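Q: Numbering (UniProt numbering), first residue to last: 1 to 94. All C-beta atoms in this analysis are idealised placements derived from N, C-alpha and C, irrespective of residue type, glycine included. These numbers come from a predicted model, not from an experiment.
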Amino acid sequence: MREISEEKIQKYFQITKKALETLEVAVHEKSLLYSVAKDFLTMAKSYYSDAEYYYKKGDYVTAFAALNYAHGFIDAGVRLGVFKGEDNRLFAFG
1 MREISEEKIQ KYFQITKKAL ETLEVAVHEK SLLYSVAKDF LTMAKSYYSD
51 AEYYYKKGDY VTAFAALNYA HGFIDAGVRL GVFKGEDNRL FAFG
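This is how it looks when you write it as structure tokens:
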């Protein structure tokens with residue numbers, strides 16, 4: 001497959017949006033890891049926003065890449081323990 005279909009990109013938009021809506025910061029504000037959690041969340045939201053921008057322009061490849069970066073920050077935060085994410089359909093955890 002050399003293209004990103006409408007169906008595939010919509011699937012990943014839905015998964016990433018749901019993950020962003022349901023994740024919780026798992027560390028206390030006074031924790032040294034709180035700034036990591038906030039940075040990861042900011043990056044995930046920024047890449048999601050970028051994905052929407054490129055999708056609207058019809059650039060599915062760049063939109064899909066941005067979605068993957070967004071979800072990478074989400075999953076990294078879950079794996080580090082700075083986010084709570086218990087749904088294995090939305091989050092990668094070990």
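Quick one: what does DSSP say E52 is sitting in, helix, strand or coil?
A: Residue 52 sits at position 52 when you count from the first residue of the sequence shown. Looking at E52 - three-state DSSP - the assignment turns out to be helix.
Q: Determine the direct distance from the alpha carbon of S31 to that of A92, and round the result to whole angstroms.
A: Position 92 of the sequence shown, counting from 1, holds the residue named residue 92. Position 31 of the sequence shown, counting from 1, holds the residue named residue 31. The alpha-carbon atoms of A92 and S31 are separated by roughly 23 Å.
Q: Three or more beta-carbon pairs under 8 Å between the region 76-90 and the region 58-68, yes or no?
A: As far as the Cβ criterion goes, the region 76-90 does not touch the region 58-68, which means the pair count is below three.
Q: Could you check whether T22 and H71 sit closer than 7 Å to each other, using their CB atoms as the reference points?
A: Taking the sequence shown and counting its residues from 1, the one referred to as residue 71 is at position 71. Taking the sequence shown and counting its residues from 1, the one referred to as residue 22 is at position 22. Going by C-beta atoms, H71 is not nearer than 7 Å to T22.
Q: Once you ignore the five residues that flank E24 on each side, which residues in its own chain have a CB closer than 6 Å to its CB?
A: Against the sequence shown, residue 24 aligns to sequence position 24. Within the same chain, E24 has close Cβ partners K84.
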